[in-house]
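Protein chains in written order, with full-length UniProt numbering: chain A, 1 to 222; chain B, 1 to 218; chain C, 1 to 74; chain D, 1 to 249.
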């Protein structure tokens, strides 16, 4: 089981490395969206500090959305998805591996960039740390939940827009607890409650979402 | 070993075929023929368990494949229309990662050997995107060289191949049948397979929507 | 009865706009939905009938010469 | 036992369900009208003024049933979706797709009446109240479901994909509601709530229940109407639809 998951992750990471343009594009999208906000709302440091968690989190949601359509589409196009579906293991495990790989490629860069971008918004050190931590815990949930949407819209007309329509409402709890953790730190309440709820969501997203995703993939392959 | 009874296939609003039944035992090959759009690929996908049949049942070793699931898939090797080749990876990487995902033990030496047999010697480390159509197909077919699973389901295996490669694939299928394996394949080229019994199945569409099929033994 | 006059009833204690705005939109949509459904259904039935007629006449037209040719072949 | 199962599956076949639904629809319309008239006359003619909110509170006789229905219809939709996936019955998927637009309609009405109630009470058309926000997200979920089904051409695939989405949604709704509520209390949002504020006199409760029943009957009637249309469309090549259409010629 572990061997299989490792094989899937290894394959997807290698593919991503051969096609770095995708990762770089999504990452720069994140940077640009976050950097545009101060230009829109003005450079007032107090206001920026207040906006920072929400802006960074919403930008993270959008950046994740950007890379989701390709999660299964490439494999679907060249026929490898059929092979994965016919492999003698539960498809859910393979999806689990792909979700992890997607997070490593699309989620982790956002986590690493967050402290740097947070500085643009004049966040204090503890808030920066919590922001990074909340993204670290929360972005796997984005990959997991997003995979369901990616599988449901596989090979469907206007899949990209539809994907955001399906997935963004489901991202609401992650957004609330993620941005809320930073808010709670700033207002002195302490982020523990938010972070543990976020952790629960991430566990749910990563471990439960692969099964409906696998079911959706089988439907797409019919 | 592989039995199909009264299979029916409906695509959209069209009924492609109905009442298709056959039985295939070890060492036998089913040669599936029919015009474009007669449902050959659909039937193959049904046999793999990917597409559910509108009605009818497929049994493997006496049990319905729906219930067998992974047990059936571990004995199945499917080669579809698409090559299932990753353009970014080299033929060697493709072969190894496909084997790993199917949880088959394939070491690098056997993989290299397989690639050499299909005539990709010297191109093992070239990304597949630089290969020609025929070479890509060869890279996909390299899986068959060391494939020991009992049931091969091949969709147009000879497409885009030159005569030497067609012969090679026919030899591989022959060896597979000799080992007691089963093969179901579609093709528009008639290629003689060196060993094993061949059955033929015609899928044809009539205006009434009923399928005409005949099972002949050679 | 709670109200003294129709005017009172319509004014809803200065909240008339809000109360009647809610009632109006809700009533409008809840009447419009079944009406649209009825219309859609009628259109569908008409379309399906048209298709059916076309198919039947086609089948009739096609069946006549086809049987004769078959006979001549046989 | 087995007899019963067979019976159920018989009614689950479109061929038998279609005429049955046709016979039931007028009854549900009649019930909807009776409950509606009764509920609205209690709510708008008989119920006393609320001490705190004046006459504006009467919107609850519309708002609360609409909100209940929007949530309840999603549950029913998910139920049909689940049975469709489990038993592979044709009717289930059709029922789920027939319910979605009505659910979306009620979600919209709930938002509309909520906004019209909010303006006099909170002084703003829109307040990020936990209930309103959840209702908004519920509307998005409905729209996503409808859009997904519309985008897939093959009806069977559309049914199955929609079913998975509906089930994922139904698992998520409590999480979303809880998270929005949590978010709302942290940010100290609206303190007056539409559903809690008036001290529920028995008469108000009766009015609301009757209105809710009316909405319920309405939903069933409309869903049956829609499912009949869907059946005709999808089964247009089957003998029973052909016979039905031929009869009417």
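Note that beta-carbon positions come from the ideal geometry of N, C-alpha and C, so glycine has one too.
Values in this document were obtained by computation on a predicted structure and should not be read as measured data.
Secondary structure of residue 27(D), DSSP reduced to three states: Correct three-state label for residue 27(D): helix.
Where the alpha helix (DSSP H) containing residue 166(B) begins and where it ends: 163-178
Cross-strand partners of residue 48(B) (DSSP beta bridge): Paired residue(s): none; residue 48(B) is not in a bridge.
Beta-carbon contacts of residue 214(A) that lie in its chain and below 6 angstroms, excluding the five residues immediately before and after: 91, 92, 95
Beta-carbon gap between residue 161(D) and residue 152(A) smaller than 7 angstroms: Yes, they are a contact pair.
Length of the line joining the Cα atoms of residue 142(A) and residue 108(B): 37 angstroms
Paired residues, beta bridge with residue 15(B) - DSSP: 10(B).
Cβ contact (3+ pairs, closer than 8 angstroms) linking the segment 118-130 of chain B and the segment 85-93 of chain B: A contact exists between the segment 118-130 of chain B and the segment 85-93 of chain B.
Cross-chain neighbours of residue 84(A) in chain B, by beta carbon under 8 angstroms: Correct list: 101.
Which listed residue (109(D), 217(D), 175(D)) has its alpha carbon closest to that of residue 59(D): 109(D)
Own chain partners of residue 55(D) with C-beta closer than 8 angstroms, once the 5 adjacent residues on each side are dropped: Within the same chain, residue 55(D) has close Cβ partners 49.
Alpha-carbon spacing of residue 137(B) relative to residue 101(B), whole angstroms: 19 angstroms
Supposed contact pair residue 134(B) and residue 162(B) - C-beta distance, whole angstroms, cut 8 angstroms: 6 angstroms
Cα-Cα separation, residue 111(A) to residue 197(A): For the pair residue 111(A) and residue 197(A), the Cα-to-Cα distance works out to about 18 angstroms.
Own chain partners of residue 130(D) with C-beta closer than 6 angstroms, once the 5 adjacent residues on each side are dropped: 180, 181, 184
Opening and closing residue of the alpha helix (DSSP H) in which residue 118(B) lies: Element bounds for residue 118(B): n/a, residue is neither H nor E.
Candidates 7(A), 43(A), 195(A), 30(A), of which the one nearest residue 107(A) by Cα: 30(A)
Residue 197(B) in three-state terms, based on DSSP: strand
Beta carbon proximity, residue 156(A) to chain D, threshold 7 angstroms: yes
Three-state secondary structure (DSSP) of residue 189(A): coil
Rounded straight-line distance, which links the Cα of residue 218(A) to that of residue 237(A): Any question about residue 237(A) goes unanswered here, given that chain A covers just 1 to 222.
Beta-bridge partners of residue 3(B), as assigned by DSSP: 23(B), 59(B).
Among 140(A), 75(A), 40(A), the one whose alpha carbon lies nearest that of residue 207(A): 140(A)
Where residue 143(B) falls, given that 16 or more other Cβ within 10 Å makes a residue buried: buried
8 angstroms Cβ shell around residue 75(B) - same chain, five flanking residues per side excluded: So the list reads 60, 149, 150, 151, once near-sequence residues are dropped.
Any chain C beta carbon closer than 7 angstroms to residue 236(D): So yes, residue 236(D) belongs to the interface.
Helix, strand or coil at residue 122(D) [DSSP, three-state]: Here residue 122(D) sits in helix by DSSP.
9 angstroms Cβ cut-off: residues of chain A touching residue 9(B): Residues of chain A passing the Cβ test: none, with the nearest at roughly 11 angstroms.
Buried/exposed call for residue 32(A), threshold 16 Cβ in 10 Å: exposed
The segment 34-47 of chain D in contact with the segment 84-93 of chain D per 3-pair CB rule at 8 angstroms: As far as the Cβ criterion goes, the segment 34-47 of chain D does not touch the segment 84-93 of chain D, which means the pair count is below three.
Near-chain A residues of the segment 149-161 of chain D - C-beta to any C-beta below 7 angstroms: 151, 152, 157, 160, 161
Best match in 181(B), 8(B), 123(B) for proximity to residue 53(B) [C-alpha to C-alpha]: Comparing Cα positions, the closest option is 8(B).
Separation of residue 174(D) from residue 19(A), as counted between CA atoms: 39 angstroms
Reference residue 118(A); option with closest CA among 137(A), 187(A), 53(A): 53(A)
Distance between beta carbons of residue 150(A) and residue 69(A), contact taken as under 8 angstroms: 6 angstroms
Classification of residue 121(B) by the beta-carbon crowding that lies within 10 angstroms, buried from 16 upward: exposed
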